[in-house]
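There are 2 protein chains.
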Amino acid sequence: MNAVDLKSADLLAQMAGAIASGSIEVVDLTHTLDQDFPVIILPPEFGQCARFRMEEISAYDHRGPAWKWHNISLCEHTGTHFDAPSHWISGRDIPNGNVDEIPVNRFVGPVCVIDCSAGARENEDFELTPEIILDWEKSHGPIPADSWVLMRTDWSKRRGADYLNMRDDGPHSPGPTPDAIRLLVDERGIRGFGTETVGTDAGQGMHYTPPYPAHFILHGAGRYGLQCLNNLDRLPPTGAVIVATPLKIKKGTGSPLRVIALVPGKDA
Amino acid sequence: MNAVDLKSADLLAQMAGAIASGSIEVVDLTHTLDQDFPVIILPPEFGQCARFRMEEISAYDHRGPAWKWHNISLCEHTGTHFDAPSHWISGRDIPNGNVDEIPVNRFVGPVCVIDCSAGARENEDFELTPEIILDWEKSHGPIPADSWVLMRTDWSKRRGADYLNMRDDGPHSPGPTPDAIRLLVDERGIRGFGTETVGTDAGQGMHYTPPYPAHFILHGAGRYGLQCLNNLDRLPPTGAVIVATPLKIKKGTGSPLRVIALVPGKDA
Ligand SMILES: [Mn+2]
Ligand SMILES: [Mn+2]
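Residue numbers (the numbering used here), protein chains in the order written: chain C, 1072 to 1339; chain P, 1072 to 1339.
Here it is in structure tokens:
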């Protein structure tokens, strides 16, 4: 039997109640922002992304007797973060391509999670291919248009130097092939693509055609990216909804953010 | 007739569908972060909150041929932002009182909006009193436990110097009385309190007992604050749900954030 369609006021009331009761679980997909969280490192001739830093303004002391607070600095692309179309040259002319311009209903949406953790454990350059996506669809049904697709690799469990995994020829970490991203964007019409690694592209993504295919193809089509996600092993393959709300940075190309997932509970 | 209770998986699927179709509207309660947005100004002997600043790292040029991005700096309490219990001395020992420690299910919840815009238009020091709250409840029913309560003043429509509204004796802007906050926290058990002004307290809130009663009482009881909210005139008095997800700043006392509201549509 199909579920009855609720009116929107009842839906929102029931959703708030289900979150309060725990029958919808809220899962934090975000890493803690601190000075130690790694940021992408580019060849030295390029401009670099700043790590997170914070400076105490007062702490219930002579600088502010009743309050504590900090000033902070970081890059738009530091820590768990959102990539807007304007981040990439292919998306520079996309309408509403900055984080302050994206329609806010784009920030809440259904999510499909493709588990590549076994492959990524064996091979640090593991590729998400069209075959893996088509196999996933045999078990879970077609990826719905306008969904987020997240590539689970358990890379978020790595710490320190193992996270960027730099070698003499650059970073090594898993990511999608150009054909996989084309399938997701052109044929499935996804809203965006997210990873546990420092970028939506593989560490060696510069060697594909086009280089950095996830960035190039996603943003050229006006789609979004999420990076440095955490806790993807706590999401079901389908049925969760994520909320990913970038800061409203004027002409921002991306934003650190708190990503949460609403996950159906045991009653489902 | 009461609505049928849906299972959580159906609820999430219908919610995602309702947002996609527009029958649930997503409203942005956030101001744009730019260099011009005012921050609170304290007496000069105290530490000060930084304005938002951004610096270009590259813009599809020699500093990064295919990408554009910025480094940014600001205060935890710059722009539309969240106050955690640890922000105030009364909340310094509250368990899980920093933004990285708050359980993430606290970031999605129902909201009541008390319209004080007519009063605030007449009187820049307009006070939200227990009488106004009790009157509101006569029309809209009791404020449910664990709700957000937002004080609408239309102050968000002010620009430039009119926003902080500084005079020789300090800032003048509307806010709640100590008794109003005690009623909301102690008797109604609200989750948090939000305003359109630069703080949860009135501009002249230092003259109450206790000084800055919203900060003191809310945070001392482990509750949250939202400030510099926008578009509160687009919310119904009851029935909307807000999503307010602070950045996961390690030991952060607050955070700039994107606040969105899910608002029942015309079918309701
Ligand atoms: Mn990025
Ligand atoms: Mn604050």
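Every residue, glycine too, gets a C-beta built ideally from N, C-alpha and C.
- In this structure, the alpha-carbon of C:Pro-1327 lies about 12 Å from that of C:Ala-1121.
- Here the alpha carbon of P:Val-1314 sits roughly 43 Å from the alpha carbon of C:Asp-1240.
- The C-alpha of P:Pro-1201 is placed about 48 Å away from the C-alpha of C:Glu-1267.
- Taking the CA atoms as reference points, P:Gly-1274 sits about 5 Å from P:Pro-1242.
- When DSSP states are grouped into helix, strand and coil, P:Pro-1284 belongs to the helix group.
- Annotation for C:Val-1334: Ile-1095, Glu-1096, Val-1097, Val-1098, Arg-1305, Leu-1306, Pro-1307, Gly-1310, Ala-1311 place their beta carbon closer than 8 Å to its own, counting only its chain and skipping 5 residues before and after.
- Between the beta-carbon of P:Met-1222 and that of P:Pro-1247 there is about 7 Å, and that keeps the pair under the 8 Å contact cut.
- For P:Glu-1172, there is no enclosing alpha helix (DSSP H), since its DSSP letter is neither H nor E.
- A residue is called buried when at least 16 other Cβ atoms come within 10 angstroms of its Cβ; P:Asp-1154 meets this threshold and is buried.
- Excluding its 5 nearest sequence neighbours in each direction, C:Arg-1124 has C-beta neighbours in its own chain below 8 Å: Gln-1106, Ile-1143, Ser-1144, Leu-1145, listed in chain order.
- When CB distances to chain C are screened at a threshold of 7 Å, the residues of the stretch 1128 to 1148 of chain P falling below it are Ile-1128, Ser-1129, Tyr-1131, Arg-1134, Gly-1135, Ala-1137, Trp-1138, Lys-1139, Trp-1140, His-1141, Asn-1142, Ile-1143, Ser-1144, Leu-1145, Cys-1146, Glu-1147, His-1148, in chain order.
- Every alpha helix (DSSP H) stretch that sits fully inside the stretch 1159 to 1236 of chain C and reaches 4 residues is listed by chain position as 1188 to 1193, 1201 to 1211, 1232 to 1235.
- Placement of the Cβ of C:His-1148 at a distance of less than 7 Å from at least one heavy atom of ligand 1 is found.
- Boundaries of the beta strand (DSSP E) around C:Gly-1296: 1295 to 1298.
- Note that the C-beta distance between P:Val-1170 and P:Leu-1077 is not below 8 Å.
- Rounded to the nearest whole angstrom, the CA to CA distance from C:Glu-1193 to C:Arg-1229 is 14 Å.
- For C:Arg-1124, the uninterrupted beta strand (DSSP E) run begins and ends at 1124 to 1132, by DSSP.
- P:Asp-1171 belongs to the set of residues whose beta carbon lies under 8 Å from a beta carbon in chain C.
- When 7 Å is used as the limit between beta carbons, P:Lys-1321 is near these residues of chain C: Thr-1103, Leu-1104, Asp-1105, in chain order.
- Within the model, the alpha-carbon separation for C:Pro-1115 versus P:Gly-1276 is close to 51 Å.
- Under the 10 Å beta carbon count, C:Arg-1329 is surrounded by 16 or more other beta carbons and is classified as buried.
- Neighbours of P:Ala-1191 in chain C, taken as residues whose beta carbon is under 7 Å from its own, are absent, since the nearest beta carbon is some 24 Å off.
- Looking at the backbone, the Cα of C:Val-1075 and that of P:Gln-1085 are separated by about 10 Å.
- Exclusion of C:Gln-1275 from the 7 Å shell around ligand 2 follows from its C-beta lying no nearer than that to any non-hydrogen atom of the ligand.
- By the 16-neighbour rule on beta-carbons within 10 angstroms, P:Glu-1147 is buried.
- In this structure, C:Gln-1298 has its beta carbon less than 7 Å from a heavy atom of ligand 1.
- Checking the 7 Å criterion, the Cβ of C:Gly-1325 is within range of a heavy atom belonging to ligand 1.
- The contact set of C:Cys-1120 on chain P, defined by CB atoms closer than 9 Å, consists of Ile-1128, Trp-1140, Asn-1142 in chain order.
- At a cut-off of 8 Å between beta-carbon atoms, C:Asn-1302 makes no contact with chain P.
- In this structure, P:His-1141 has its beta carbon at no less than 7 Å from each heavy atom of ligand 1.
- For the pair P:Ser-1161 and P:Leu-1289, the Cα-to-Cα distance works out to about 9 Å.
- P:Thr-1266 has P:Met-1222 as its beta-bridge partners, per DSSP.
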